[in-house]
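Here's the structure we're looking at; comments come further down.
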Amino acid sequence: MDISIRTAEQNDYESLLPLFRQVHEFHVFERPDLYKENSTPVEQEFFESQLIDSKQHIFVATLGNDIVGVIVTKEEETIENSFLKLRKVLFINSLCVAETYRKKGIGKKLTRYVFDFGRNLRVDSIELGVSEKNTSAIEFYRSLGMTTKSRKMEIKFN
Numbered sequence: 001m002d003i004s005i006r007t008a009e010q011n012d013y014e015s016l017l018p019l020f021r022q023v024h025e026f027h028v029f030e031r032p033d034l035y036k037e038n039s040t041p042v043e044q045e046f047f048e049s050q051l052i053d054s055k056q057h058i059f060v061a062t063l064g065n066d067i068v069g070v071i072v073t074k075e076e077e078t079i080e081n082s083f084l085k086l087r088k089v090l091f092i093n094s095l096c097v098a099e100t101y102r103k104k105g106i107g108k109k110l111t112r113y114v115f116d117f118g119r120n121l122r123v124d125s126i127e128l129g130v131s132e133k134n135t136s137a138i139e140f141y142r143s144l145g146m147t148t149k150s151r152k153m154e155i156k157f158n
């Protein structure tokens, strides 16, 4: 399988929408108290704004002319103060591989591409959030050498 990775383009939107839906539907299923059903979870205008933002980077995995995966990232800096050091972080906001192409190394290829991209940007780290219930994603990220940095906890009242 000859998978290529490239920067997303404006005309990729329609091909990416099913992948954005897969991610959103997972979140809606796991946390309907937080996420609402929406057949267009990423609107075209928002997608296009991400493409022109120099701090956001979207990469797609292609097989021939078909987009089979996507990874969405954003550069952020923590401001130095009396208790925090200045840090440059590349956040992975979303990763999705089309269901029919999962378990074929595409997610690893996309993530490793972003790891190399982050090294070239000279970021201090690459970070992401993952649901505790998404155990397959946690194991996937661990297999790439990622470790748990922190944990968000909550108590729900409704």
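According to UniProt numbering, numbering within the sequence shown proceeds without interruption in unit steps and concludes at 158.
Ideal Cβ placement from N, Cα and C applies to all residues, glycine included.
Candidates I67, D2 and L84: which alpha carbon is nearest N11's? I67
Identify whether T62 lies in helix, strand or coil by the three-state DSSP scheme. strand
Top-ranked residue by Cα proximity to V89, from A137, T73 and V23: T73
Is it the case that the CB of L90 approaches a heavy atom of the ligand ADP more closely than 7 Å? This structure lacks the ligand ADP; in fact it carries no ligand of any kind.
Quick one: measure Cβ to Cβ for L110 and L95, integer angstroms, because I've assumed they're closer than 8 Å. 7 Å
Along the chain, where does the beta strand (DSSP E) that runs through E48 open and close? Note, E48: premise wrong, no beta strand (DSSP E); alpha helix (DSSP H) at Q44 to I52.
Taking only runs of the beta strand (DSSP E) that begin and end inside the UniProt domain "N-acetyltransferase" (3–158), which ones reach a length of at least 3 residues, in chain order? 3–7, 56–63, 66–78, 87–97 and 125–128
Please identify the residue among E43, S136, R142 and T135 whose C-alpha is closest to the C-alpha of E127. R142
Check whether chain C comes within 8 Å of H24, counting only Cβ atoms and requiring the distance to be less than that. Among the chains in the structure shown there is no chain C, since it carries only a single protein chain.
6 Å CB neighbourhood of Y101 in its chain, flanking five on each side removed: V68
Excluding the five sequence neighbours on either side, which residues of its own chain have a C-beta within less than 7 Å of the C-beta of F91, listed in chain order? T73, K74, E76, E127 and L128
By Cβ distance, which residues of its chain are closer than 7 Å to V130, with the 5 residues on each side in sequence left out? A137, I138 and Y141
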